[in-house]
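First residue of the sequence shown? That's 1 in UniProt numbering, and the numbers climb one at a time after it.
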Amino acid sequence: MAGSGKAGFARMFAEHRATLRGFFTRRGGGEDADDLVQEAYLRLLRAWQGRGEAIAAPEAYLYTVALNLAREQAVKRRASPLGQEELERLATVLGSDACAEQEAERAQRRRRILALLAGLPERTRTVLVMQYRDGLSYRQIGERLGISTHAVKKHVVRGLSECRRAMADEEDAW
C-alpha cells in the first residue's frame with residue numbers, strides 16, 4: 001500500500017469504497033452496504049492499531065474482512081425474521097407477479113370478448129358497445145340508431161345471451 005498509517009488507509013478507502021459497496025450489495029447487504037463498507041474499514045484500522053505494526057497486505061486483509069462481514073450478515077439474515085421493509089419489498093415483488101398474471105388474464109379475457117363481439121350481428125354489436133363502453137341508456141342508443149328502446153333491449157338481451165352461451169360452451173370444452 002502506498003503511504004502508511006491512517007492517510008494510506010484513507011486513500012485505500014476512497015479507492016475501494018465503490019467496489020466494496022457493490023460486493024456487499026450483491027451479497028444481500030442492500031441498504032446496509034454503506035454501513036458494511038465502513039465496518040470493514042473500522043476493523044482494518046483496529047487491527048492495524050492493535051498490532052502496532054504494518055499489515056503486510058492491507059488490501060487483501062480488507063477484502064478478507066469484507067468477506068467475513070458478508071458471511072456474518074448472511075447468518076444474521078437467516079437467523080432473524082424478515083423486517084418490515086423486507087416484508088413490504090417481498091409483498092411488492094409478489095404483488096407484481098400477481099398483477100402480471102391478472103393482467104395476462106384480463107388481456108386474454110378481452111381478446112375473447114372482442115372475438116365474441118365480432119361474431120355478433122353488426123347492429124347487436126353496436127348496441128352492446130354503446131351501452132357497455134359508452135355508458136349510454138337504452139333511450140340514448142335508440143335515438144342514435146333510430147330504433148325503439150324495446151328493440152335496443154332485444155339486441156342487448158340477444159347479444160349477452162349469445163356471448164354467455166359461447167363462453168359456457170368453451171368452459172365445457174375444458
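Virtual Cβ for every residue (Gly too), placed ideally from N, Cα, C. Predicted, not measured: the structure shown is a model, and the values here were computed from it.
Q: Spell out a yes or no on whether the stretch 102-119 and the stretch 137-152 are touching, meaning 3 or more CB-CB pairs, one atom from each, closer than 8 Å.
A: no
Q: Use the C-beta contact count for Leu67: other C-beta atoms within 10 angstroms, 16 or more gives buried, fewer gives exposed.
A: Per the 10 Å Cβ criterion, exposed.
Q: Indicate the three-state DSSP secondary structure (helix, strand or coil) for Arg27 in the structure shown.
A: In the structure shown, the three-state DSSP call for Arg27 is coil.
(Q) By the three-class DSSP mapping on this structure, what secondary structure does Pro58 have? (A) Helix.
Q: Under 7 Å Cβ to Cβ from Ala40, same chain only, skipping five residues before and after it: list those, please.
A: Leu20, Leu62, Val65, Ala66, Leu69
Q | Candidates Thr126, Ala47, Glu72, of which the one nearest residue 184 by Cα | A | Here the chain covers residues 1 to 174 and nothing more, so residue 184 does not appear.
Q) Relative to the C-alpha of Ala60, which residue among Ala100, His16, Lys154 is closest? A) His16
Q) Where does Asp134 fall in DSSP's three states? A) coil
Q | Leu160 versus Arg77: straight-line alpha-carbon distance, rounded | A | Their backbone Cα atoms lie some 55 Å apart in a straight line.
Q: Could you name the residues of the same chain whose beta carbon sits closer than 6 Å to that of Trp48, not counting the 5 residues immediately before and after it, in chain order?
A: Around Trp48: Ile55.
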